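Beneath this line is the structure, given in structure tokens, with notes to follow.
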Amino acid sequence: MATRLNIAALIADLGGAARVAEQAGVVRTAPYGWVKRHYVSSDVLERLKAANPDLDLDCYFEKVEQDDRDNEARRSIGVS
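First residue of the sequence shown: 1455, per our numbering; consecutive thereafter.
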């Protein structure tokens, strides 16, 4: 079984996309891209942790079935 960071929940808990973008030093729309791509860089996570020292990132990791990860990878390829 694999794990995945629930980026949408993290953004919501930290006050929404605009607030998270400000804390991370990125454009306001960047957090929506993280959710769409299921990816956020470690540099961004470090900045969010620095802005929110009590943030427990471990609680945002969820278990997922391997099939779920494979299906998402196929959808994100972008082949038409």
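The beta-carbon is built from N, C-alpha and C at its ideal position, and this holds for glycine as well. Quantities reported herein were computed from a predicted structural model and do not represent experimental measurements.
Secondary structure of residue i, DSSP reduced to three states
i     : result
E1500 : helix
R1491 : helix
P1485 : helix
A1463 : helix
Which residues DSSP lists as bridging residue i, in chain order
i     : result
A1456 : V1518
Rounded separation between residue i and residue j - CA only
i     : j     : result
R1482 : E1476 : 7 Å
G1532 : D1508 : Here G1532 scores only 46 on pLDDT, less than 50, and its place in the model should not be relied on; the value that follows carries that caveat. Taking the straight line joining both Cα atoms gives about 38 Å.
A1505 : D1467 : 13 Å
D1512 : D1497 : 16 Å
V1490 : D1510 : Residue 1490 is actually Lys in this sequence, not Val. Cα to Cα, the separation comes out at about 22 Å.
Beta-carbon separation (whole angstroms), residue i vs residue j, contact threshold 8 Å
i     : j     : result
R1473 : E1516 : 22 Å between Cβ atoms; not a contact.
Residue i vs residue j beta-carbon contact at 8 Å
i     : j     : result
R1501 : G1487 : no
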